[in-house]
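Q: Got a structure here, written out as structure tokens. Questions coming.
Residue numbers (this note's numbering): 43 to 229.
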């Protein structure tokens, strides 16, 4: 799991080659034999791989990894992972310039988390919905979830202030959209 976390961290700071090495190491471990509780590490690995390929501009590989991610997520019936998987599929569709499929995947993600506690998926899905369609309700939802996440942390935690300071435009960044589409419209 540490290789996956390292890969995700590297990906977050733009270290695509380092992220790929970390994810490749996990794949090597996977090929050597059976690993207990495979879904605990395989879901974040698939998310990381899809995001890596999106960041590298390899949309075809991102599509392959995101489809595996969706299949694995649905096997767990865990709403956070299912929501994140459809969020990832939506990002891939948008990178493929298929806004209709992007909207369908966003709706699937929203359905997966509807009425459930899934803040890690919820803010991303709502922010992507707001960034792609400019829906004020989704922007408000994304902000509310980020605020909820911040308030779950102790007041002395520096991460709390980071969450609370996040502007809607920042929340929506990184969804694989062209820079002109990333800005959430304040309607």
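Note that the Cβ used here is the ideal one computed from N, Cα and C, for glycine as well.
Are the beta-carbon atoms of residue 161 and residue 134 separated by less than 8 angstroms?
A: no
Q: What first and last residue would you give for the alpha helix (DSSP H) that runs through residue 50?
A: 44 to 54
Q: Return the Cβ separation of residue 99 and residue 53 in integer angstroms, given the expectation that the two are a contact with Cβ distance under 8 angstroms.
A: In fact, because the Cβ distance is near 14 angstroms, the residues do not count as touching under 8 angstroms.
Q: Work out the CA separation of residue 115 and residue 123 for me, nearest whole Å.
A: 5 angstroms
Q: One question on the structure: do residue 62 and residue 94 come within less than 8 angstroms of each other, judged by their Cβ atoms?
A: yes
Q: Roughly how many angstroms lie between the CA atoms of residue 119 and residue 50, to the nearest whole one?
A: 23 angstroms
Q: Does the separation of the CB atoms of residue 167 and residue 182 fall below 8 angstroms?
A: no
Q: Only counting the same chain, and skipping five residues up and downstream in sequence, which positions put a Cβ closer than 6 angstroms to that of residue 59?
A: Hits under 6 angstroms: none found.
Q: Beta-carbon separation of residue 45 and residue 73 under 8 angstroms?
A: The criterion of a C-beta distance shorter than 8 angstroms is not satisfied by residue 45 and residue 73.
Q: Beta-carbon separation of residue 137 and residue 170 under 8 angstroms?
A: no
Q: Might you give, ordered along the chain, the residues of its own chain that have their beta carbon closer than 7 angstroms to the beta carbon of residue 55, omitting 5 neighbours on each side?
A: none
Q: Whole angstroms are fine: how far does the CA of residue 201 sit from the CA of residue 190?
A: 13 angstroms
Q: If we count the other Cβ atoms within 10 Å of its Cβ and call it buried at 16 or more, is residue 132 buried or exposed?
A: Answer is buried; the Cβ neighbour count reaches 16.
Q: Should residue 107 go down as buried or exposed, given a rule of 16 or more other Cβ atoms within 10 Å for buried?
A: buried
Q: Are the beta-carbon atoms belonging to residue 151 and residue 163 less than 8 angstroms from one another?
A: It is a contact, given that the beta carbons lie within the stated cut-off.
Q: Run the CB neighbour count on residue 128, radius 10 Å, all protein chains shown included, and call it buried at 16 or more, exposed below.
A: buried
Q: Would you call the CB atoms of residue 121 and residue 146 closer than 8 angstroms?
A: no
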